[in-house]
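With positions in the sequence shown counted from 1, the corresponding number in my numbering is that position plus 1130. Glycine is no exception: its CB is placed at the ideal position from the N, C-alpha and C atoms. Fair warning: this is a prediction, and the values are worked out from it, not measured in the lab. Have a look at the structure below before the remarks.
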Amino acid sequence: MKRMNTEVRMSVLGEAKQVPRTSFAPRWLFALLLLLSHGSLQAHEFLTLQLGGSHHIQFAGYYAALFKDFYREAGLDVRLQTGTSRKDAIQAVGAGEAQFGIADSSLLQFFTAGQQVVALAAFEQHSPLILVTRKQNSLSDVHELRGKPVILETDSLTLQAYLQLNDVHPTLLPWQSDALEQLARGDVAAVGMSLLDLPPDAGSPSSPLALFPVTNRQLDAYGATLFTSRTELQRHPQQVKAFVDATVRGWRYALAHPDEVLDWMELYLPGVADTQHLRAAFARLDELVRPELVEPGYMQRERWQQIADRYHDLSLLARSPDVSDFLFDPELLLEQQRRQDVDRTIMVVFFTILIALMLCGIFGGFYLRLRDESRDRLRLTRELAEREQHYRFVTEHSADVIWTMDVHTTRLTYISPAVTRLTGHNIDDIMSLPPESVMTAASAERLREHAAKALLAWHDGALNDTRQTFMLELYHQHGHSIPTESVTTLYCNEQGEPVSIIGVTRDITERVAAEEVMRRLAFYDPLTNLPNRRLLKQRLQESIEHPDTRQLALMFIDLDNFKPINDTLGHEMGDALLAMVAERMHKAVRDQDLVARLGGDEFVVLLPHTGDEALMIADRLQTVLNQPFSTRGQTMQISCSIGIALYPEHGQNTKMLMHHADLAMYQAKNDGRSQVCLYCEEIDPERGMLHWYPAQDSGDPQLDQQYHQIVTATNALLICLQDPQGTSGNWHGRLQTLLDATRHHFAYQEQQLNALGLGDLDTHSEEHRYLLQKGEILLGALADGHFDTERLRHFVMHDLIMHHVNLSDRRFFAQLRTQREAR
């Protein structure tokens, strides 16, 4: 092998794996089949792993996967790239310069800040960070470091958390390469650093260094963690899983063959450390990985959540995030891929059969039509000679098309040469074809209707009404259609009986184009090409009045952080962003849904025949709009607040539905933006008591009865809170009744959801426990006479009713109804 520089590269023998992607925007049926069969996202030519520092024994598993060809066997070309800190790895992955990176629990700080990072595997079950002091200082307790100078490793969130947990506030100094020398000279009191970077004798009785481990029951953070970006995982899920599996193989091999890994490092990474230091560091690394207890790379969701909660409690995180979206779930990924493959196969078979049936019908229809037309052509040829005298008054040089038609058969008997200039067809072709072949089917039907009206008017004696004016859409030889206006009148024979229709047809293409421009200005937004408020109200009213409408949903969507982008980058960039937002929203919804723009950064989505499923569609819209937008060299990040109102439970007319969806949207903004809020009475400033309507039922009779009990108990508590003579004793009894009903409801609900196989049951159960715990705290405060009516009202109306019952629970109502119907 060649000696490796800072960048280590392994060539790949085969092409990288590609992840299939289904396309749903065909232009032709054949093109659709090709897209369904062969659509894919191009995988990377090579993969870059950004290390969280320079080459080190900490990355032994990756070296093993590299030199043992585990990556190559998985079809991957992998490069290892060094950096100066963990922050470099996070920034490189976020910018797309690397596909994977290595960090520690500090990764939560970037996830909470909005960066789309996903933890794939934790290869150090405990953080290697420790506090090092001199034995000469005789420090018996970490609290003795208060006010003293301490050097901490760069970006060491774990060390900061340890100091705050012990209420120690030293004078923090940035990391320096000679930190241990400064400690030896007594310039600093302690150094926060990795256990793997210590001298081999550190921790022994003869060593001058004293060690303070930061891992304890209060704080036990993961160490080195492999991660990627959400975009990389979505675009190349199979490639990500292959990389993780190969890396786990590398770690297994490195831990089982330490001498081989150390020999490789000494040969191909000279200058990293001496042999004695490497072997001592590897022994410490083995204690951090703990392969005899857990599989390399194993992560526990509950432990990550505890770490995030602890950091948040110490104000190291702005909020305590739900780590479900932070962790990689390979089983869920494979299941989704299998379902996509099955769906794609079914669609290909379906469209193949459909196309075959259509072709049979088309060719059969062509055969019958051509056969009939051939017979009619012979008959018309004979009749033309007999009726030639009827056509002498028709000018052969008119700019307009002049034609005659038999009133009984509605077949053309004459047409002027101007038709060739108008349609490109010659006269003989048009004369031999039925109306459906020279004009649209709707135009042919309109022609027959006006001919029938003219005959009826003649029979009724209303001769003035025999003159008809109507629109026809003709086919041009090149395939496009031509709008025309036709004026017709009846022609009678010597006996005074109508035998023909005489018509004059004029090209009105320019007039129709002008009218279309006016129509679009009246009903469509010129910037986004979406329907405007006027057309939205019209379609909403039509949907409500349609006899088949049982339910529908209306979404009000307001873009978060749009104004700063518009003010900073200019109105042209803001307009471009709005157009991209409109395009993404249009692609994210179903064909029957209507996306409209009200103005500014406000949009509305009309979802016909939709109930609780609107919540899932809202989640999909948020996911789509949360992805970065790029145009003209600029990358922009926005989010959206969505308010939802359902028909008929939230309003039975256009005005009320739009008002309630608007209220729900503003409530979503008030809840912190980038939220989804389903309208309920408690967010309406004009509300009274709560009501549970039949349209809100889940489909499970016992669950619905429990919801009725919870609403009844809530109303009783609200009435008690509004009583100026009320006492804490009265409130305590009402709240106890509500909590008992809620506890019974939660237990039964979890039983049903477990039988249903809800994938996110643990998160839902955790929310149940949190609500009951919060209720018990308020109950205890009422019992002690220490109570806050606003806090109690907020818990009942906002946390329990609006957020949990009206939003969280309703996300699985559709599954409950489907299961009940299947029974």
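In the DSSP assignment, Gln1598 is bridged to Thr1618. Residues of the same chain with a CB within less than 7 Å of the CB of Arg1420, apart from the 5 flanking positions on each side, are Gln1255 in chain order.
Taking the Cα positions, Ile1260 is about 41 Å away from Gly1910. In this structure, the alpha-carbon of Glu1713 lies about 15 Å from that of Cys1770. Residue environment for Asp1297: exposed (fewer than 16 other C-beta atoms within 10 angstroms of its C-beta). Ala1413 carries a helical assignment under DSSP once its states are collapsed to helix, strand and coil. DSSP places Val1549 in the helix class (H, G or I) of the three-state scheme. DSSP places Trp1394 inside the alpha helix (DSSP H), whose first and last residues are Pro1388 to Tyr1398. The Cβ-Cβ distance between Ala1582 and Arg1597 does not fall below 9 Å.
Assigned with DSSP and collapsed to three states, Met1429 falls in coil, not helix or strand.
Residue range Ala1320 to Ser1324 is occupied by the beta strand (DSSP E) that includes Met1323. For Glu1503, the secondary structure class from DSSP, reduced to helix, strand or coil, is helix. Exposure of His1924 is indicated by the presence of fewer than 16 other C-beta atoms within 10 angstroms of its C-beta. When the five nearest sequence neighbours on each side are left out, the beta carbons in the same chain lying within less than 6 Å of the beta carbon of Thr1534 are those of Thr1543, Tyr1544, Ser1630 and Ile1632, in order along the chain.
Apart from the 5 residues on each side of it in sequence, Asp1455 has no Cβ closer than 6 Å to any other Cβ in its chain. One thing to note: Leu1363 has its Cβ within 9 Å of the Cβ of Leu1463. Excluding residues up to 5 positions away in sequence, Asp1331 lie with their Cβ nearer than 6 Å to the Cβ of Ser1337 in the same chain.
Residue burial is scored here from C-beta neighbours: Arg1664 has fewer than 16 other C-beta atoms within 10 angstroms and is therefore classed as exposed. Residue burial is scored here from C-beta neighbours: Ala1486 has fewer than 16 other C-beta atoms within 10 angstroms and is therefore classed as exposed.
Annotation note: the stretch 1163 to 1228 contains the following uninterrupted alpha helix (DSSP H) runs of length 4 or greater, listed N- to C-terminal: 1190 to 1197, 1200 to 1203 and 1216 to 1224. Your pair Ala1251 and Val1378 checks out as a contact, with CB atoms roughly 7 Å apart and the cut at 8 Å. Around Ala1376, the same chain offers Ala1195, Phe1200, Tyr1201 and Ala1204 as residues with beta carbons nearer than 6 Å, after the five sequence neighbours per side are excluded. Apart from sequence neighbours up to five positions away, the residues of its chain that approach Arg1409 with a beta-carbon distance below 7 Å are Leu1392, ordered along the chain. A distance below 7 Å between beta-carbons, with the five flanking residues on each side excluded, links Tyr1192 to the following residues of its chain, in chain order: Leu1179, Leu1210, Thr1377 and Gly1380. Distance from the CA atom of Ile1695 to the CA atom of Asp1731, rounded to whole angstroms, is 12 Å.
When the alpha-carbon of Leu1586 is set against those of Asp1929, Leu1737, Val1537 and Thr1212, the nearest one is in Val1537. A Cβ-Cβ distance of about 4 Å is found for the pair Ala1726 and Leu1666, placing them in contact under the 8 Å criterion. Ranking Pro1547, Phe1176, Glu1920 and Asn1691 by CA distance to the CA of Leu1206 puts Phe1176 first.
In this structure, Ala1249 and Leu1418 do not form a Cβ contact; the two beta carbons are roughly 17 Å apart against a cut-off of 8 Å. With contacts defined by Cβ atoms closer than 9 Å, Leu1868 and Gly1905 form a contacting pair. For Trp1381, the three-state secondary structure derived from DSSP is helix. Residue pairing by DSSP leaves Ser1337 without any beta bridge partner. Put simply, of Ala1291, Ser1546 and Ala1944 the residue whose alpha carbon is nearest the alpha carbon of Ala1529 is Ser1546. Our two residues, Tyr1292 and Met1932, have alpha carbons roughly 38 Å apart in a direct line. If you ignore the 5 residues before and after Leu1310, its C-beta comes within less than 7 Å of the C-beta of Val1321, all in its own chain and listed in chain order.
With respect to the 9 Å criterion, Val1926 and Leu1847 are classified as neighbours on the basis of their beta carbons.
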